[in-house]
Amino acid sequence: MAKTQQNPTRMELSRLKKKLVTARRGHKLLKDKRDELMRQFLILVRENRELREKVEKGIKDCNRNFVLARASMSRESLNVALMAPKQEVSLETEVRNIMSVDVPSFSFRTRTQDENDIYPYGYAFTSSDLDSAVKSIADILPDMLRLAECEKACQLLAAEIEKTRRRVNALEHVMIPETEESIRYISMKLDENERSSQVRLMKVKDMMLETAHHYKEKMEME
0 MAKTQQNPTR MELSRLKKKL VTARRGHKLL KDKRDELMRQ FLILVRENRE
50 LREKVEKGIK DCNRNFVLAR ASMSRESLNV ALMAPKQEVS LETEVRNIMS
100 VDVPSFSFRT RTQDENDIYP YGYAFTSSDL DSAVKSIADI LPDMLRLAEC
150 EKACQLLAAE IEKTRRRVNA LEHVMIPETE ESIRYISMKL DENERSSQVR
200 LMKVKDMMLE TAHHYKEKME ME
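In terms of numbering that gives the first Met the number 0, the sequence shown opens at residue 0 and continues consecutively.
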């Protein structure tokens, strides 16, 4: 419904028309942004599901290997073997932009490049099951970091999609219809004022003609 307190002037009509053009352009851009966010979100959701299945399988294999290692080694031997880690891992965090949404990006680097440094013990007094368990943990670390990226990115994109959807709905169902109604109201008022002005001008013209030339009396005589 139009806001009747608005001044029905041509300047206000021009302002509302410009506002309507801007609102429609913004509505289109926000819809395009929402659609692209949805596309990126669905890609990440599919990747997140695949990574979760892969990581859960890796953790399951790791736990199985640790159970087997525990069965073939004493608790003291297992604790001593894992007491002093040889390799060191550093986590690095960056930010990348997806449709104006900053999502985290994780990477890691090890203190040394030797792959055998993941084993902090000698092979003489440990079982091969422990080796498999440690190797499986090292193997799933990159997937775990990528899974953390995907899950956080999905959360951030979902929040941005909801925010963009509310803005699109506000423009589509509130702002644009109200502006169009206001434009119609002001246009109707201006047309009404113009017709009233024309009627007044015609009456003034008749009065001037009557005063100057006795136009009415001549018409009656004829």
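Note that the Cβ used here is the ideal one computed from N, Cα and C, for glycine as well.
Cα-Cα separation between residue i and residue j, rounded to whole angstroms
{"i": "tyrosine 122", "j": "serine 76", "result": "12 Å"}
{"i": "threonine 92", "j": "cysteine 149", "result": "14 Å"}
{"i": "leucine 90", "j": "threonine 109", "result": "9 Å"}
{"i": "glycine 57", "j": "leucine 67", "result": "15 Å"}
{"i": "leucine 50", "j": "asparagine 78", "result": "31 Å"}
{"i": "isoleucine 160", "j": "methionine 37", "result": "7 Å"}
{"i": "serine 181", "j": "proline 103", "result": "45 Å"}
{"i": "glutamate 284", "j": "serine 186", "result": "This structure cannot speak to residue 284, because the chain is shown only from 0 to 221."}
{"i": "arginine 74", "j": "lysine 151", "result": "38 Å"}
{"i": "methionine 10", "j": "valine 94", "result": "47 Å"}
{"i": "leucine 41", "j": "methionine 143", "result": "20 Å"}
{"i": "methionine 72", "j": "serine 126", "result": "7 Å"}
{"i": "lysine 188", "j": "lysine 162", "result": "37 Å"}
{"i": "alanine 22", "j": "arginine 183", "result": "17 Å"}
{"i": "leucine 156", "j": "aspartate 101", "result": "9 Å"}
Residue i in three-state terms, based on DSSP
{"i": "aspartate 113", "result": "coil"}
{"i": "serine 106", "result": "strand"}
{"i": "serine 181", "result": "helix"}
{"i": "serine 186", "result": "helix"}
{"i": "leucine 146", "result": "helix"}
{"i": "glutamate 87", "result": "coil"}
{"i": "threonine 92", "result": "strand"}
Supposed close pair residue i, residue j - CB separation, criterion 8 Å
{"i": "methionine 98", "j": "glutamine 39", "result": "6 Å"}
Residue i vs residue j beta-carbon contact at 7 Å
{"i": "leucine 146", "j": "valine 44", "result": "no"}
{"i": "phenylalanine 107", "j": "valine 88", "result": "yes"}
{"i": "proline 70", "j": "proline 119", "result": "According to the sequence displayed, residue 70 carries alanine and not proline. No; because the gap between Cβ atoms is not below 7 Å, this pair is not in contact."}
Residue i at chain C interface by Cβ criterion, 7 Å
{"i": "lysine 134", "result": "Considering every chain present, this structure includes no chain C. It has just one protein chain."}
The stretch 54-64 in contact with the stretch 123-143 per 3-pair CB rule at 8 Å: Under the 8 Å Cβ criterion, the stretch 54-64 counts as touching the stretch 123-143, having at least three qualifying pairs.
Touch test, the stretch 28-36 against the stretch 157-171, Cβ-Cβ under 8 Å, three pairs minimum: yes
At least 3 beta-carbon pairs within less than 8 Å: the stretch 31-49 vs the stretch 170-178: Output reads no: the stretch 170-178 does not touch the stretch 31-49.
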